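Some notes on the structure that comes next.
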Amino acid sequence: MKMYEKAPAKINLMLDVLHKRADGFHEVEMIMTMVDLADRLELSELPRDTIIISSQAGYIPLDEKNLAFQAARLIKDRYNVKSGVHIHLDKRIPVAAGLAGGSSDAAATLRGLNRLWRLHIPLQELQELGAELGSDVPFCVTGGTALATGRGEKLTPIANPPQCWVVLAKPPINVSTAEVYGRVRSQSIAVHPSASRMQEALEAGSFQDVCDRLGNVLEDVTLKLHPEVQQLKEAMIKLGADGVLMSGSGPTVFGLVSRPSKVARIYNGLRGFCKEVYAVRSLS
Ligand code: ATP
2 MKMYEKAPAK INLMLDVLHK RADGFHEVEM IMTMVDLADR LELSELPRDT
52 IIISSQAGYI PLDEKNLAFQ AARLIKDRYN VKSGVHIHLD KRIPVAAGLA
102 GGSSDAAATL RGLNRLWRLH IPLQELQELG AELGSDVPFC VTGGTALATG
152 RGEKLTPIAN PPQCWVVLAK PPINVSTAEV YGRVRSQSIA VHPSASRMQE
202 ALEAGSFQDV CDRLGNVLED VTLKLHPEVQ QLKEAMIKLG ADGVLMSGSG
252 PTVFGLVSRP SKVARIYNGL RGFCKEVYAV RSLS
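Our numbering puts the sequence shown at residues 2 to 285.
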């Protein structure tokens, strides 16, 4: 038996860090949504009690460090499944980019194995399993658009952004999420983006307000460490994107674009100095 599962990338429309908790995690407030840039998972049942991960991407771990492996092991152990699975990851989402590629693969593994092994686990329970794997996994289990609080695992579904194009550009630099969060000083953040104002813009279906209210407090940290991310933002604005922001801890920058006629110009303009550029639809 073989099955396919799509694992889309997420972007943050807003991201605020409230404070550091006693357990070391940061208390955050984020609004996340999915875009139509996705990895594709092929899940094949194995008669043996084993988990095999393969991928065409040569630069991700294929052992127990892979989040899809961890998701498969968790569901196997928790539901006492004796058969095994081969998961092939057709990676399209750039790695370590702030787009939650690994988290989305883990979430897609939970959904896919739930179907493959006919476990009938309710979505809420899949999200709870996901929280054991990583803060972004519960959101990736259901997708859509959501307000995420706590360390990112407490979710309230909200309205999707109005349909638009999303141009994503990832500069060729590595950003460590842990380092970026480690450098955030929540008490010295001058302007906090507002989750409620972004939520209002989404509920009202106002594309312009969504663009105007984008905000990510991690930009201050990553842009200082990597000025090329700032340059990329400026280029995207100059080329005519309606709203521009860094996703997660970066380094990917995304631009929201309403008019299809602008998309090719922005895409081609960015390709001039950045190899990894994607133009996709928002997912709603
Ligand atoms: P986030 O937005 O949640 O911080 P990210 O987009 O920055 O995620 P990922 O693409 O998930 O980062 O990859 C981060 C690291 O996780 C990689 O360096 C890689 O070694 C490891 N990893 C584990 N499993 C996967 C996977 N299935 N796909 C990609 N990377 C994975």
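Virtual Cβ for every residue (Gly too), placed ideally from N, Cα, C. It should be emphasised that the depicted structure is a prediction, and the values quoted were computed from it without experimental measurement.
Counting C-beta neighbours from all protein chains within 10 Å, is the total for K3 16 or more, i.e. buried, or is it exposed?
Burial check for K3: the Cβ neighbour count within 10 Å stays below 16, so the residue is exposed.
Give the secondary structure of Y268 by DSSP, where H, G and I count as helix, E and B as strand, and everything else as coil.
If DSSP states are grouped into helix, strand and coil, Y268 belongs with the helices.
Can you tell me which of the three DSSP states F26 falls into?
Correct three-state label for F26: coil.
Rounded to whole angstroms, how far is the Cβ of I54 from the Cβ of L44, which I believe are closer than 8 Å?
About 11 Å separates the Cβ atoms of I54 and L44, ruling out a contact at the 8 Å cut-off.
Using a threshold of 7 Å, is the CB atom of K239 nearer than that to any non-hydrogen atom of ligand 1?
No, the beta carbon of K239 sits no closer than 7 Å to any heavy atom of ligand 1.
Here's the rule: buried if 16 or more other CB atoms are within 10 angstroms of the residue's CB, otherwise exposed. What is L124?
With fewer than 16 Cβ atoms within 10 Å of its Cβ, L124 is classed as exposed.
Where E229 and L215 are concerned, what is the direct C-alpha to C-alpha distance, given to the nearest angstrom?
Answer to the nearest angstrom: the Cα atoms are 20 Å apart.
From S283 to S197, what distance separates their C-alpha atoms?
Cα to Cα, S283 sits roughly 21 Å from S197.
For ligand 1, is there a heavy atom less than 7 Å away from the beta-carbon of T178?
Correct: T178 has its Cβ closer than 7 Å to ligand 1.
Say whether chain C places a C-beta atom closer than 8 Å to the C-beta of P9.
Included in the structure is just one protein chain, with no chain C present.
Considering only residues of the region 76-163, which uninterrupted beta strand (DSSP E) runs meet the minimum length of 3 residues and lie entirely inside it, listed in chain order?
Within the region 76-163, the complete beta strand (DSSP E) segments of 3 residues or longer fall at 85-91, 146-150, 155-158, listed in chain order.
Is it buried or exposed for D40, if we count other Cβ within 10 angstroms and need 16 for buried?
So D40 ends up on the buried side.
Range of the contiguous beta strand (DSSP E) that encloses L246
Per DSSP, L246 belongs to the beta strand (DSSP E) from 244-247.
So what does D17 bridge to, in DSSP terms?
Under DSSP, the beta-bridge partners assigned to D17 are E30.
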